[in-house]
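First the structure, in the form of structure tokens, and then the observations on it.
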Amino acid sequence: MSQTVSTHSENRWVPLKAFCERTGIKESTVRYYLKNGKLPIKPKDKAKGRVYVDWFSWNAGTIVH
Numbered sequence: 001m002s003q004t005v006s007t008h009s010e011n012r013w014v015p016l017k018a019f020c021e022r023t024g025i026k027e028s029t030v031r032y033y034l035k036n037g038k039l040p041i042k043p044k045d046k047a048k049g050r051v052y053v054d055w056f057s058w059n060a061g062t063i064v065h
């Protein structure tokens, strides 16, 4: 019997701070991953726009950290 437990709503794009809270990773580390292209983010309309991280690819294990 397979069972899936989800503690968060399943939204694909998660704000940066929420991503840090869910994963327990420091914001500076996540920003380092973003800078080096290790984390996929939603394309932004503005240069100073909010950063949204792809939660599905993180959970799928396709990101090396």
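For the sequence shown, the UniProt record's numbering begins at 1 and goes up steadily by one. Where is the CB? At the ideal position from N, CA and C, for every residue including glycine.
Original post:
Helix or strand or just coil, what does DSSP make of residue 30?
Top reply: Your numbering for residue 30 matches position 30 in the sequence shown. Residue state, collapsed to three classes: helix.
Subject >> Where the beta strand (DSSP E) containing residue 54 begins and where it ends >> reply: Looking up residue 54 in the sequence shown gives position 54. Unbroken beta strand (DSSP E) run through residue 54: 52-54.
Original post:
Apart from the five residues just before and just after residue 5, which ones in its own chain have a Cβ nearer than 7 Å to its Cβ?
Top reply: Here residue 5 refers to the residue found at position 5 of the sequence shown. With a pLDDT of only 49 at residue 5, under the threshold of 50, the placement of this residue in the model should not be trusted, and no figure is reported.
Original post:
Taking DSSP as the reference, what is the three-state secondary structure of residue 13?
Top reply: Indexing the sequence shown from 1 puts residue 13 at position 13. Reduced to three states, the DSSP call for residue 13 is strand.
Subject >> Own chain residues within Cβ distance below 6 Å of residue 13, not counting five before or after >> reply: Position 13 of the sequence shown, counting from 1, holds the residue named residue 13. The answer, listed in chain order, is 42 and 52.
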